[in-house]
Amino acid sequence: MSKYDMLNPEQREAVFYTEGPLLILAGAGSGKTRVLTHRAAYLIEEKGVNPYHILAITFTNKAAGEMRERIDDMVGFGAESIWVSTFHSCCVRILRRYIDRIGYDNNFSIYDADDQKHVMKEIVKRLNINTKMYKERAFLNAISSAKDELIGPEEYKSRTGGDLPKEQTARVYREYQEVLRKNNALDFDDLIFKCVELLQKDPQVLESYQERFQYIMVDEYQDTNTAQFQLIRLLAGKYRNLCVVGDDDQSIYRFRGANIQNILSFEEQYPDAKVIKLEQNYRSTQNILDAANAVIKNNRGRKDKALWTEEQGGEKVHFQQFETAYEEADFIAGDVARLERKGIFDYGESAVLYRTNAQSRLLEEKFVSRNIPYRIIGGVNFYSRKEIKDILAYLKTIDNGSDDLAVKRIINIPKRGIGATSINRVQTYADEQGISFFEACRMTEQIPKIGKAAGKIQGFVNLIRVLRAEIPELGIQRVTEKLLEETGYVEDLKAEHDEEADARIENIDELISKIADYEDTAEEPTLGEFLDEVSLVADIDSLEDDKNYVTLMTLHSAKGLEFPNVYMAGMEDGLFPSYMTITADDPTELEEERRLCYVGITRAKKRLTMTAARTRMQRGEMQYNRTSRFLKEVPEELLEGQLVKQKERPIYQQANTGYAAARKALHGKDSYAAMRPRKEFGNASEIPKPAYQVGDRVRHRKFGDGTVTAMTAGGRDYEVTVDFDTAGTKKMFALFAKMVKL
DNA sequence: GGAGAGGCCTTTTTT
DNA sequence: AGGCCTCTCC
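So this is what it looks like as structure tokens:
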């Protein structure tokens, strides 16, 4: 009996089909990781392929690590020379070797979102751009999207078509790219972009990697963007042994440039491609799958498929709506505790999924007060905390002084009396001489008007110099500890004597142990490599399977994971699907939200609970939400639950009690009006008509004054389009917008 | 040059 | 509601 006998016929077919392009459409829970790992084993053991010639690409380090581990277990010998890596780390590896061929230095730094913002701020200031009109964030988003599409500054400029804001963006883009170049830095998107550029411009490098990667596998293919698609196309260009695995129904990263067409039109790109569908699900009960199938079938533009399982029946999908988000959170924490007490699910078997990170706060509170062990994924990344970034900036400076941003970040931390004025003087000198900021720091005696600051800067330079010299002898950990001593960083925090400072100290300790861990496990530890790894870490990477805590995370983070007991919190229109997508002109945005819902449902193995709240604080404002439209897409017979669980109900809700009302609110047409407090909207059964009409001038709290250009009765509320004088044209629901006629 | 106060904006999701 | 930025005053 071989290990391949355990696979079902489709899986086996996918494993054995090794030559030429192959598309595996793998539904949720259909065992795709299993197929990929078996396939690697098959290539090595049965086809005699040298593992050195195999590349497997994933999106997260966690996925890469798991795949590596499973292949190692299966193959035993030689598997370690397979490249299993994320898109980003794969590109970093290639670029560290060859980027000098396209005009960067091989010891480039990698900028994170924070660094990008700093750079953008400088540029916006320098170009005198009114950030009230054009936000830094908007520029960065535009640049990021352009890079995802492999559009460089020049090409961007040529495509503006005379559109003024785009011309502006083109200018900013060019500047931004110049600053990065000057700082010898790449941002996240550049890692892919520059790698493609390198492969396109240098046939020698391309040839060597094509020759190396004779067999390529790509996981989560539906999430690839154009740049990643090109990268793969180039690498696989010679041998064409390209196996991509994905599920168009789980494509949820369009905002990050993912192009669902990459998977939908794979067969056009590779006409000789073999297509294999994996539809048997090994994860969930039939009821959960039915719910998932019922929701996703409302999407158009998808490859037709339906999951099935041998696990018939199962629990129904639980549903409850609460008065407030507070009660919702309390219920979830209580339910988790109850199931644990009864011995049905351990804490580690439960997960709470939500649409926005902000929702985690209330849940966290309730988990704390009930003493339930939990873990929140996402929110503020460990490596973006201030104290961690400070220390990493020191380490970057020690490693390679060419990262101006890092140097400037810590030149006055702790306070050395080097302020903005001195920094500017140094920068001016650096600009004049065409040298880096740090190099300029070493020549303070040449800098005009630097005065007393010269000595202070010298002190800083000497500190770095000494630490740098000690790296080879002492190693990273010892040097980091020494750096903390010399700067008094931890001591200062200790002196603060408050909780926040204590938390920071804990984080620093954690960083130290991560460094120690790296030095223990890496073959040839170097500071540079450590910094690379650290900058490519994702939140999800820190999730450990064997710990017994409840996991709280966004629906996005949950992709690829599974839990016996899953809660989907905040099933409310306006939150999920988000307000943005409801009001968007483009219906495919709503489809993307629906896919997200599908991802959420299919995470559950045994038990799924959906919850909603009638009222919730959003952005400091009280929102009244009706239940999510996605909930209504789940057939009634699969649902079980009640609408309101609370002691007293306000008068306007008294008609809506019990299960019958729950169904009515879920599936009925008039539920929206019934949910609204009377005092605000008059007769609850009528659609409240706004006090303004088309052509009127109105005022909005945030967007200012504008003219109403359109108004349609959109079923339960009026949808109003307003052309604002300064904020552009917005489409919104009258009840939410609360605008007044002028 | 640094600390503190007040105003403003944000969030949908992230490698 | 909270974080960040800017302004002001020392």
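Convert by adding 36 to the 1-based position in the first sequence; the result is the number in our numbering.
The beta carbon of each residue, even a glycine, is placed where N, CA and C say it ideally should be.
Nearest-angstrom Cα separation, counted from residue j out to residue i
{"i": "Gln258", "j": "Phe302", "result": "10 Å"}
{"i": "Met479", "j": "Trp119", "result": "44 Å"}
{"i": "Asp41", "j": "Phe113", "result": "21 Å"}
{"i": "Pro623", "j": "Asp340", "result": "19 Å"}
{"i": "Gln240", "j": "Gln494", "result": "45 Å"}
{"i": "Ile104", "j": "Lys193", "result": "The residue asked about is misnamed: residue 104 is Arg in this sequence, not Ile. Each residue's alpha carbon lies about 43 Å from the other."}
{"i": "Gly293", "j": "Leu186", "result": "11 Å"}
{"i": "Ala709", "j": "Ala330", "result": "Because the pLDDT at Ala709 is just 29, under 50, the model does not fix this residue reliably, and the value given afterwards should be weighed accordingly. Going from the Cα of Ala709 to the Cα of Ala330 covers about 26 Å."}
{"i": "Glu315", "j": "Ser145", "result": "43 Å"}
{"i": "Asp382", "j": "Met589", "result": "18 Å"}
{"i": "His74", "j": "Glu233", "result": "33 Å"}
{"i": "Ile847", "j": "Leu72", "result": "Residue 847 is absent from the structure shown; the chain starts at 37 and stops at 778."}
{"i": "Arg699", "j": "Thr645", "result": "Any reading at Arg699 is ruled out, since the residue's pLDDT is 31, under 50, leaving its predicted position unreliable."}
{"i": "Pro713", "j": "Gln659", "result": "Legend: pLDDT at Pro713 = 31, less than 50; position of this residue unreliable, no value from coordinates given."}
{"i": "Leu520", "j": "Ala552", "result": "15 Å"}
{"i": "Asn86", "j": "Val111", "result": "12 Å"}
{"i": "Tyr419", "j": "Asp426", "result": "10 Å"}
{"i": "Phe52", "j": "Pro307", "result": "20 Å"}
{"i": "Asn601", "j": "Glu385", "result": "6 Å"}
{"i": "Asp706", "j": "Lys668", "result": "With a pLDDT of 30 at Asp706, under the threshold of 50, the predicted position of this residue should be treated as unreliable, though the coordinate-derived value follows. Straight-line Cα distance between these residues: approximately 13 Å."}
{"i": "Ala489", "j": "Arg514", "result": "30 Å"}
{"i": "Ile434", "j": "Thr464", "result": "23 Å"}
{"i": "Ala539", "j": "Lys402", "result": "21 Å"}
{"i": "Ile135", "j": "Asn143", "result": "9 Å"}
Where the alpha helix (DSSP H) containing residue i begins and where it ends
{"i": "Met607", "result": "Element bounds for Met607: n/a, residue is neither H nor E."}
{"i": "Ile424", "result": "Lys422 to Asp435"}
{"i": "Met42", "result": "Counting along the chain, Met42 falls outside any alpha helix (DSSP H), and DSSP gives it neither H nor E."}
{"i": "Thr457", "result": "Ala456 to Gln469"}
{"i": "Asp568", "result": "Leu563 to Ser571"}
{"i": "Asn97", "result": "Asn97 to Val111"}
{"i": "Glu532", "result": "Tyr525 to Glu532"}
{"i": "Leu778", "result": "Careful: Leu778 lies outside any alpha helix (DSSP H) and carries neither H nor E."}
{"i": "Asp199", "result": "Asp199 -> no alpha helix (DSSP H), and no H or E assigned at all."}
{"i": "Ser438", "result": "Element bounds for Ser438: n/a, residue is neither H nor E."}
{"i": "Phe249", "result": "Note, Phe249: premise wrong, no alpha helix (DSSP H); not H, not E."}
{"i": "Arg137", "result": "No alpha helix (DSSP H) holds Arg137; DSSP gives it neither H nor E."}
Run of the beta strand (DSSP E) containing residue i, from where it starts to where it stops
{"i": "Tyr410", "result": "Tyr410 to Ile412"}
{"i": "Ser121", "result": "Trp119 to Thr122"}
{"i": "Leu186", "result": "Looking at the DSSP string, Leu186 is not in any beta strand (DSSP E), and its letter there is neither H nor E."}
{"i": "Val586", "result": "Val586 to Thr590"}
{"i": "Ile90", "result": "Ile90 to Thr94"}
{"i": "Ser472", "result": "Careful: Ser472 lies outside any beta strand (DSSP E) and carries neither H nor E."}
{"i": "Tyr390", "result": "Ser386 to Tyr390"}
Within 9 Å, strictly: CB atoms of residue i and residue j
{"i": "Tyr410", "j": "Met604", "result": "no"}
{"i": "Met253", "j": "Ala99", "result": "no"}
{"i": "Ile107", "j": "Val281", "result": "no"}
{"i": "Gln348", "j": "Thr321", "result": "yes"}
{"i": "Asp223", "j": "Ser181", "result": "no"}
{"i": "Val353", "j": "Thr587", "result": "no"}
{"i": "Ala64", "j": "Arg319", "result": "yes"}
{"i": "Asp609", "j": "Arg665", "result": "yes"}
{"i": "Ile548", "j": "Lys530", "result": "no"}
{"i": "Gln297", "j": "Leu270", "result": "no"}
{"i": "Asp440", "j": "Lys153", "result": "no"}
{"i": "Tyr430", "j": "Thr523", "result": "yes"}
{"i": "Ile288", "j": "Arg639", "result": "no"}
{"i": "Leu626", "j": "Asn661", "result": "no"}
{"i": "Leu428", "j": "Val526", "result": "no"}
{"i": "Leu572", "j": "Ser244", "result": "no"}
Identity of the residues DSSP links to residue i by a beta bridge
{"i": "Val280", "result": "Leu59 and Val254"}
{"i": "Asn261", "result": "Ala294"}
{"i": "Gln659", "result": "Arg652"}
{"i": "Glu676", "result": "His354"}
{"i": "Ile146", "result": "Leu222"}
{"i": "Phe599", "result": "Ala640"}
{"i": "Met646", "result": "Phe355 and Met604"}
{"i": "Leu611", "result": "Ser614"}
{"i": "Lys310", "result": "Leu58"}
Quick one: which unbroken beta strand (DSSP E) runs of 3-plus residues sit fully inside the stretch 312-363? Chain order, please. 353-360
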